[in-house]
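Below you'll find the structure, written out as structure tokens, and then a few comments.
Residue numbers (the working numbering): 4 to 160.
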């Protein structure tokens, strides 16, 4: 069942890819139903907070008409950054499933781990590595495409 939800997050990542956005996708699930979806839109939306997790969380909050997402799980293709990890914790999401690690910006073990910093008022359970190969593949393809475009513009090889 978890793979089914991560597959839906990967579909969202592909939407971001098609927009020329870094291909990250997320879904929020409650009681076996997807109640929020999102993909990166920072470039197309010209928004700092245009991250997949933020969009999925906002949609889930509207669906439930509540800012508290207790009992919900979020599935995201890349380890959440500090902003998104904070939003996940503020929303009180119970479980976080992420595919690929993010050693440069991850906040659930990559650079640091918000889920173990003492003094926070809420801690989700973290599950990492679900469908990591698939998520890494789409990221690698995206960045190879970006490098190819840049090299064609500059005449580099």
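For glycine and all other residues, C-beta sits at the position ideal for the given N, C-alpha and C.
With residue 45 as the anchor, note down where its beta strand (DSSP E) starts and where it stops.
-> Here residue 45 belongs to no beta strand (DSSP E); instead the alpha helix (DSSP H) covers 45-48.
Measure from the alpha carbon of residue 27 to the alpha carbon of each residue in 97, 118, 82, then state which is nearest.
-> 82
Could you tell me which residues DSSP pairs with residue 129 in its beta bridges?
-> Residue 129 pairs with 99.
Does the Cβ of residue 10 have 16 or more other Cβ atoms within 10 Å, making it buried, or fewer, making it exposed?
-> exposed
So residue 80 is in the beta strand (DSSP E); what residue range does that whole segment cover?
-> 75-81
Within 10 angstroms of its Cβ, does residue 80 collect 16 or more other Cβ (buried), or is it exposed?
-> Residue 80 sits buried, since 16 or more C-beta atoms from the chains shown fall within 10 Å of its C-beta.
Taking only the alpha-carbon atoms, compute the straight-line gap between residue 69 and residue 153 and give it to the nearest angstrom.
-> When rounded, the distance between both Cα atoms is 44 Å.
List the endpoints of the continuous beta strand (DSSP E) containing residue 40.
-> 36-42
Could you spell out where the alpha helix (DSSP H) holding residue 65 opens and where it closes?
-> 55-67
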